[in-house]
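Below is one structure, written out as structure tokens; comments come after it.
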Amino acid sequence: MELHSKYQVVLVCVMLLLPALCLSQGFTDSRATFYSTSDGYGTSTGACGYGDYGRTVNHGRVAGVAGLWRGGAGCGACYQVRCKNSRLCDNYGTMVVATDYGAGDRTDFIMSPNGFSKLGRNPSASAELKKYGVVDVEYRRVPCTYAGYNVRIKIHESSRYPDYLALVILYVPGMNDVTAVEIYDNDRNEWMPMRRVYGAVFDIVGAPSGPLSLRLQLSGRTGWVRSSKSAIPGDWKIGASYDSLVKV
């Protein structure tokens, strides 16, 4: 299944529904810079393993992070970032999605051109910000919401049906880091741990036969959250993506 920009990450703090959450998250001072791409979008070779999704999600307003990387668990996190130059920037800034690892000169965000340009209050302000190269910002993590999905997964291109299964955890609503993934072995009636290969990619050698269910361990929550029994069909296809029906 192709991943298109219609599966976009969209904001965030719905004040009528989440007032306490939205107001409780303070801002952290930092700096941000940007990398160049030919079309302004992100890169499909990011360290989260997202592929083209990491290039186009959120209209390509994405970023590489270092301190917020958290060993790959920070992949997919959403952040409100606003620059501190009141002449060039407004009070909101922009929302970016962490899709890559990137370390700079005391920067928490190395943003795509589409993301960085949204820091400016208008196109001319954005052009001036780009001349600075690095700008002072403040940021806070905000909930991610996804159009029509719970947790969504993709079968990574390195998978080899039926024995080697690698998954990419694409969409995780809210403010949840995936810290562990297990898959259910129907023949043995037991949960089997998957290994974090890198970023948001988890794998298992000797994958059990499907259909398969998953369970995820999330930061800030006790216990596991479980998918439907048929989150991954028995005839799973490399490159296909599936709604796991995991509700978080």
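In the numbering used here, the protein residues as written are 1142 to 1389. Glycine included, C-beta positions come from ideal geometry on N, C-alpha and C.
Label leucine 1164 either buried or exposed according to how many other C-beta atoms from any shown protein chain fall within 10 Å of its C-beta, with 16 as the threshold for buried. In this predicted model, leucine 1164 has a pLDDT of only 38, less than 50, meaning its place in the structure is not dependable; the value taken from the coordinates is given anyway. Exposed is the call here.
Kindly provide the ranges of any beta strand (DSSP E) runs that are 3 or more residues long and lie completely inside the segment 1296-1353, ordered along the chain. 1305-1312, 1319-1326, 1331-1334, 1336-1339, 1342-1346
Under 8 angstroms between the Cβ atoms of aspartate 1246 and valine 1275? yes
May I ask which residues mark the beginning and end of the alpha helix (DSSP H) holding tyrosine 1273? 1264-1273
Between which two residues does the alpha helix (DSSP H) containing tyrosine 1194 stretch? 1194-1197
Which residue marks the beginning of the beta strand (DSSP E) containing serine 1258, and which one marks its end? Element bounds for serine 1258: not the beta strand (DSSP E) but the alpha helix (DSSP H), 1254-1258.
Take the Cβ of tyrosine 1191 as the centre, count every other Cβ of all protein chains shown within 10 Å, and call the residue buried at 16 or more, exposed below. buried
Express the C-alpha separation of threonine 1186 and serine 1179 in angstroms, rounding to a whole number. 14 angstroms
With DSSP as the reference, label glycine 1212 as helix, strand or coil. helix
Which class does glycine 1183 belong to by DSSP, given the choice of helix, strand or coil? coil
Tell me, which residues are paired with aspartate 1277 by DSSP? Arg1172
Only counting the same chain, and skipping five residues up and downstream in sequence, which positions put a Cβ closer than 8 angstroms to that of proline 1349? Ile1324, Tyr1325, Asp1326, Asn1327, Asp1328, Arg1329, Met1333
Skipping 5 residues on each side, what residues in its chain have a beta carbon closer than 8 angstroms to that of cysteine 1285? Val1150, Val1153, Gly1217, Ala1218, Cys1219, Val1238, Tyr1312, Val1313, Pro1314, Gly1315, Met1316
With a threshold of 7 angstroms on Cβ separation, who are the neighbours of arginine 1196 within its own chain once the five nearest residues in sequence on each side are excluded? Tyr1182, Gly1183, Thr1184, Ser1185
Quick test of your reading: leucine 1260 and cysteine 1230, contact by CB under 8 angstroms. State the CB separation rounded to the nearest angstrom. 6 angstroms
Does the distance from the C-beta atom of arginine 1223 to that of aspartate 1318 stay below 8 angstroms? no
First through last residue of the beta strand (DSSP E) which encompasses cysteine 1219: 1219-1224
Helix or strand or just coil, what does DSSP make of glycine 1205? strand
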